[in-house]
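2 protein chains.
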Amino acid sequence: MAKIKSSKNTTKKETIVEKASKLFFEKGFSASSMRDLAERVGVEAASLYNHIRSKEELLQEICFKAAQHYTENIDAIEKDDSPFIQKIEKILRFHIDQMINNYEVVQVVDRDWKHLSEPHLTNYHNERRAYRKRITAIVEEGIRRSEVKDIDAPTAVLIMLHAVSGIESWHRSVQKISAKDLEENILLILLKGLGK
Amino acid sequence: MAKIKSSKNTTKKETIVEKASKLFFEKGFSASSMRDLAERVGVEAASLYNHIRSKEELLQEICFKAAQHYTENIDAIEKDDSPFIQKIEKILRFHIDQMINNYEVVQVVDRDWKHLSEPHLTNYHNERRAYRKRITAIVEEGIRRSEVKDIDAPTAVLIMLHAVSGIESWHRSVQKISAKDLEENILLILLKGLGK
DNA sequence: CCTACCGATCGGTAGG
DNA sequence: CCTACCGATCGGTAGG
Numbered sequence: 126m127a128k129i130k131s132s133k134n135t136t137k138k139e140t141i142v143e144k145a146s147k148l149f150f151e152k153g154f155s156a157s158s159m160r161d162l163a164e165r166v167g168v169e170a171a172s173l174y175n176h177i178r179s180k181e182e183l184l185q186e187i188c189f190k191a192a193q194h195y196t197e198n199i200d201a202i203e204k205d206d207s208p209f210i211q212k213i214e215k216i217l218r219f220h221i222d223q224m225i226n227n228y229e230v231v232q233v234v235d236r237d238w239k240h241l242s243e244p245h246l247t248n249y250h251n252e253r254r255a256y257r258k259r260i261t262a263i264v265e266e267g268i269r270r271s272e273v274k275d276i277d278a279p280t281a282v283l284i285m286l287h288a289v290s291g292i293e294s295w296h297r298s299v300q301k302i303s304a305k306d307l308e309e310n311i312l313l314i315l316l317k318g319l320g321k
Numbered sequence: 126m127a128k129i130k131s132s133k134n135t136t137k138k139e140t141i142v143e144k145a146s147k148l149f150f151e152k153g154f155s156a157s158s159m160r161d162l163a164e165r166v167g168v169e170a171a172s173l174y175n176h177i178r179s180k181e182e183l184l185q186e187i188c189f190k191a192a193q194h195y196t197e198n199i200d201a202i203e204k205d206d207s208p209f210i211q212k213i214e215k216i217l218r219f220h221i222d223q224m225i226n227n228y229e230v231v232q233v234v235d236r237d238w239k240h241l242s243e244p245h246l247t248n249y250h251n252e253r254r255a256y257r258k259r260i261t262a263i264v265e266e267g268i269r270r271s272e273v274k275d276i277d278a279p280t281a282v283l284i285m286l287h288a289v290s291g292i293e294s295w296h297r298s299v300q301k302i303s304a305k306d307l308e309e310n311i312l313l314i315l316l317k318g319l320g321k
């Protein structure tokens, strides 16, 4: 009776995953119930299972789709032949953009990926580590070429990725600066530092 | 029969809160059950309720104790009459220390404070905002005195606090640098930037 | 501190 | 896509 709305370009499953991203973002994966989700989608809880296999499959979709997106970006940046400090800038800009425009997914992945079950948990963990290693390699090459300060590269990557994850709360801030100003401020801080 | 171990300086309740911090850190607040916790404490689930009122009270204890600790630190830093860039450095060092030595609590608070119920949720939210405002004021004064770059202060605070939260995964890293090196690297990156 | 137990809610299935 | 329902587990209480 109450059918799931989905335009030509999105399947019903995609609609469910999208609603699930927002729900999980708001309540966290574990505290979100399939009845919660069903209500937002506009059907009975049992009906969801015609489109998905389980609650966890939703988390899998969210995590691995995001991982794929990240991998595609780092692929492009590695091929790029600009200076390494610019590669780092591009990585930062990508993550800032993601955090501004796709923050529900990014936050859910970061906060709840540990709730994946095996073998997905190990797979995801490996993808995550591989991704960070690729960024670390770029930072290390930047150091070798004297484009980047002589710092511990893994630490720098930790700082870069987590600093940007803070932008999530920018969405709720009262005196909001523009997305563009936010991006430039973050780049200035991370590339040039707070001190004068 | 199976009594809760507690040395002279810790009450049974404190022992439970400590075990709860570790459990919540590992599984998240919502996915942690009181039966999980009871097993770690070494008693039956029902016995926990002789020491605590509810599961949520544990989260309250964790969140507000941490908040108090943060407030005490910022109190001291405000009284301090060193240059503002050094105040910022002290704030960073405090948070780095917390993340290294008290990471379970810090992570639980950051990830799960939203699961507090009213009026605790609003109280905690206000404390959090007030704390950030006090740091923002310090950054702004640093800018006014030309000790800090002319950046958007609220953004700088977001970056500072969240960059440091990334250290949590340092605990699980394979090639671990020392805590001291970690701290100096983070300060170098945040105060002087990645670029050369 | 434990045994025994409660009502509520969970993820998910059967059958149409 | 819904109604009806299942077994499991949840936070928490009564009573000793």
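Sequence order for the protein chains is A and B. Numbering-wise, my numbering puts 217 at position 92 of the first sequence, and it's gapless, one number per residue. Numbering-wise, my numbering puts 222 at position 97 of the second sequence, and it's gapless, one number per residue. Every residue gets a Cβ at the ideal spot worked out from N, C-alpha and C, and that includes glycine. Here the structure is a predicted model, which means the values were calculated and not measured.
Check: Span separating the alpha-carbon of A/Lys239 from that of B/His296; Outcome: 16 Å
Check: 3-residue-minimum beta strand (DSSP E) runs that sit fully inside the region 201–269 of chain A, ordered along the chain; Outcome: none
Check: Own chain, CB closer than 6 Å to A/Thr261, minus 5 neighbours either side, in chain order; Outcome: Ala278, Pro279, Val282
Check: Cβ distance (whole Å) where B/Val264 is taken to contact B/Ile213 below 8 Å; Outcome: 7 Å
Check: Proximal residues, the region 266–283 of chain B versus chain A, C-beta separation under 7 Å; Outcome: Ser271, Glu272, Val273, Lys274, Ile276, Asp277, Pro279, Thr280, Ala281, Leu283
Check: Proximity of A/Val142 and A/Glu186 at Cβ, strictly below 8 Å; Outcome: yes
Check: Beta-carbon separation (whole angstroms), B/Leu183 vs B/Ala145, contact threshold 8 Å; Outcome: 4 Å
Check: Pair within 8 Å by beta-carbon distance, A/Ile221 and A/Glu308; Outcome: yes
Check: Chain B contacts from the region 200–223 of chain A (Cβ-Cβ distance under 7 Å); Outcome: Ile210, Ile213
Check: Extent of the continuous alpha helix (DSSP H) to which B/Val289 belongs; Outcome: 278–290
Check: Sequence-distant residues of its chain with Cβ nearer than 7 Å to A/Glu293 (five each side left out); Outcome: Met224, Tyr228, Gln232
Check: Extent of the continuous alpha helix (DSSP H) to which A/Thr136 belongs; Outcome: No alpha helix (DSSP H) holds A/Thr136; DSSP gives it neither H nor E.
Check: Contact with chain B by A/Ser91, beta-carbon distance below 8 Å; Outcome: Because chain A is modelled from 126 through 321, residue 91 of chain A falls outside the range shown and cannot be assessed.
Check: C-beta contact flag for A/Asp235 and A/Phe149 at 8 Å; Outcome: no
Check: Within 8 Å, strictly: CB atoms of A/Leu312 and A/Leu217; Outcome: yes
Check: Contact set between B/Ala288 and chain A, taken where Cβ atoms lie within less than 7 Å; Outcome: Ile284, His287, Ala288
Check: Contact with chain A by B/Lys147, beta-carbon distance below 8 Å; Outcome: no
Check: Nearest-angstrom Cα separation, counted from B/Ala304 out to A/Arg178; Outcome: 44 Å
Check: Buried versus exposed call for B/Asn134 [16 or more other C-beta atoms within 10 Å across all chains shown]; Outcome: exposed
Check: Within 8 Å, strictly: CB atoms of B/Tyr256 and B/Thr196; Outcome: yes
Check: Same chain, Cβ closer than 8 Å to A/Arg253, five either side skipped, listed in chain order; Outcome: Ala192, Trp238
Check: Residues that B/Ser298 contacts on chain A, provided the C-beta gap is smaller than 8 Å; Outcome: Pro279
Check: Chain-ordered chain A contacts of B/Ser294 [CB-CB under 7 Å]; Outcome: Leu283
Check: Chain B contacts made by the region 302–313 of chain A, where a contact means CB separation under 7 Å; Outcome: Ile302, Asp306, Leu307, Asn310, Ile311, Leu313
Check: Status (buried if at least 16 other CB within 10 Å, exposed otherwise) for B/Gly167; Outcome: exposed
Check: Beta-carbon contacts of B/Phe209 that lie in its chain and below 7 Å, excluding the five residues immediately before and after; Outcome: Ile263, Glu266, Gly267, Arg270, Glu272, Val273
Check: Contact under 8 Å by Cβ, B/Met159 with B/Lys180; Outcome: yes
Check: Chain B within 8 Å of A/Ser158, Cβ atoms only; Outcome: no
Check: Range covered by the alpha helix (DSSP H) that runs through B/Glu121; Outcome: In the structure as shown, chain B begins at 126 and stops at 321. Residue 121 of chain B is therefore absent and cannot be evaluated.
Check: Closer than 8 Å at the beta carbon, the chain A residues around B/Gly320; Outcome: Ile210, Glu272, Val273, Lys274, Leu316, Lys317
Check: A/Thr247 to A/His287 span [Cα, whole Å]; Outcome: 21 Å
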